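All remarks here apply to the structure that follows.
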Amino acid sequence: MRAGRLKAGRFLRRFARHRLAVVSALLLLVLAVAAAAAPWVESWLGVEATGISLLDRFGPPSALHPLGTDELGRDVLVRLLYGGRGSLFVGVAAALASAVIGTGIGLLAGYFGGRLDDLLMRVTDGLIALPLLPLLIVLGAIDLTRLGIPPEVAGAEDASLLRIVVLVALFGWTTVARLVRGATLSARRRDYVRAAVAMGAGSRRIMLAHILPNVAAPAVVATTLTVGNVILLESVLSFLGLGIQPPLPSWGNMLTNAQELVGTAPLLAVWPGLLIFLTVIAVNLLGDGLQDALDPRVVGKR
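Residue numbering for the sequence shown follows full-length UniProt numbering, beginning at 1 and increasing consecutively.
Encoded structure:
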């Protein structure tokens, strides 16, 4: 227990030295809290995220609509908050799912080696060779009902959101798998692993209790950086009409709706674009800070 507290304290001190990462973490926390508070903001302002009022189209900022209204008279601030829910959920959920798959494959390949390692790494190489964005565009355009999914499930409001999470998880785990495999190959030759083998510990216990905690650092950093990439992918797919579908808002489909209004109402494109930009930059800086904090050698060089 005490050793764990000491490690946590060292990690926090190292992380605090990376000021940009600390600011990025605070910014992401503010965005997450604001998105979670969307229903309360909606109720406090007395507006509806999906409420259409053609008489209030392109309204300027006011006490009722702090960021004005869009082309259908909907409150921009509330839609941005709800859009943040969709975009942030997709980014975090897809990155975590990819990390779980990649960590499992990397552990198995690195620990057992041999034919299993060859098979898993060839599959990984094959997926790396595929162009991810065109692949997601093709798969995102498939009618789910033709795959045997019931129409009520395929047409559900959250179906497009979950589709992106599943697709990214299935094809985006390769980086984590490569990193974990390399770290596992190194860790399995360490004395503490050899001691566990000599004491009769099983392969499952060795991988989960001895190797995984010591190879988690590269997986954590890669997962953090994946969040930003997924948010960008979701934005591109939504911009192409293949991502999160209305009426469920996301920053990507808000940009899509605003692309024809840039000349008359540029702020409708500026706000979601700015949030995407800030979120991706913050996630990347957070990843840099985590890498420095988890690797003392890097901190010493700073």
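Ideal Cβ positions, reconstructed from N, Cα and C, are used throughout, including at glycine.
All of these numbers come straight from a predicted model, not from anything done at the bench.
Reference residue i, options the options, closest by Cα
i, options, result
"Ala32", "Ala282, Leu294 and Gly287", "Ala282"
"Gly113", "Ala35, Leu212, Leu20 and Thr184", "Thr184"
"Gly243", "Arg204, Arg115 and Val166", "Val166"
"Ser203", "Ala109, Gly59 and Ser53", "Ala109"
"Leu130", "Trp173, Gly106 and Ala93", "Trp173"
"Gly289", "Gly9, Ser24 and Arg10", "Ser24"
"Ala217", "Pro266, Ala159 and Arg181", "Arg181"
"Leu133", "Leu286, Gly9, Leu233 and Leu20", "Leu233"
"Val123", "Gly148, Thr175 and Gly140", "Thr175"
"Leu55", "Arg74, Pro246 and Ala8", "Arg74"
"Leu261", "Pro151, Trp40, Leu72 and Phe11", "Leu72"
"Leu96", "Thr145, Ser235 and Leu225", "Leu225"
"Ala265", "Val41, Gly59, Pro246 and Ser235", "Gly59"
"Gly140", "Gly104, Leu119, Leu12 and Gln245", "Gln245"
Reduced DSSP category for residue i - H, G, I as helix; E, B as strand; rest coil
i, result
"Asp143", "coil"
"Asp56", "helix"
"Pro296", "Caution is warranted here: a pLDDT of 49 is assigned to Pro296, below 50, making its placement in the model unreliable, and no coordinate value can be reported."
"Thr50", "coil"
"Asp288", "helix"
"Thr69", "strand"
"Asp158", "coil"
"Arg302", "Residue placement at Arg302 is flagged as unreliable, the pLDDT there being 44, under the threshold of 50; the coordinate-derived value follows with that caveat. Arg302 falls in the coil class under three-state DSSP."
"Arg13", "helix"
"His18", "coil"
Beta-carbon proximity list for residue i, same chain, < 6 Å, skipping 5 on both sides
i, result
"Gly300", "Note that Gly300 scores 44 on pLDDT, short of 50, meaning its location in the model is unreliable; the coordinates nonetheless yield the value given after this. Cβ within range, chain order: n/a, list empty."
"Gln291", "Val221"
"His18", "Gly289 and Asp292"
"Ala258", "Leu268 and Ala269"
Residue i vs residue j beta-carbon contact at 8 Å
i, j, result
"residue 332", "Ile128", "No answer is possible for residue 332: it lies beyond the span of the chain, which begins at 1 and ends at 302."
"residue 318", "Leu275", "Residue numbering for the chain in the displayed model covers 1 to 302; residue 318 lies beyond these limits and cannot be assessed."
"Ala222", "Val168", "no"
"Gly106", "Arg57", "no"
"Asp70", "Val78", "no"
"Leu286", "Ala21", "yes"
"Leu135", "Phe171", "yes"
"Leu248", "Gly86", "yes"
"Val47", "Leu64", "yes"
"Ile206", "Ala219", "no"
"Leu147", "Ala159", "no"
"Ala187", "Arg14", "no"
Other residues of its chain near residue i: CB distance less than 7 Å, five sequence neighbours each side excluded
i, result
"Pro272", "Leu80, Gly83, Trp251, Met254 and Leu255"
"Leu240", "Ile137"
"Arg297", "The pLDDT assigned to Arg297 is 49, lower than 50, so where the model puts this residue is not dependable; a value taken from the coordinates is nonetheless given after this. No residues qualify anywhere along the chain."
"Leu27", "Leu278 and Ala282"
"Ala38", "Val78, Leu81, Tyr82 and Arg85"
"Ala201", "none"
Residue i beta carbon near the ligand FAD (any heavy atom closer than 7 Å)
i, result
"Phe11", "Of the ligands one can find in the structure shown there are none, so the ligand FAD has no counterpart to examine."
Residues near residue i in its chain [Cβ-Cβ closer than 8 Å; skip 5 each side]
i, result
"Pro61", "Leu67 and Gly68"
"Ile142", "none"
Does the pairing of the region 220-234 with the region 263-280 give three or more beta-carbon distances under 8 Å?
The count of Cβ pairs closer than 8 Å, one atom from the region 220-234 and one from the region 263-280, reaches three, so the stretches are in contact.
Is there contact here, the region 48-68 with the region 88-103, by at least three beta-carbon pairs under 8 Å?
Output reads no: the region 88-103 does not touch the region 48-68.
Is it a yes or a no for the region 213-220 touching the region 147-156, going by three-plus beta-carbon pairs under 8 Å?
Result no; under three Cβ-Cβ pairs closer than 8 Å.
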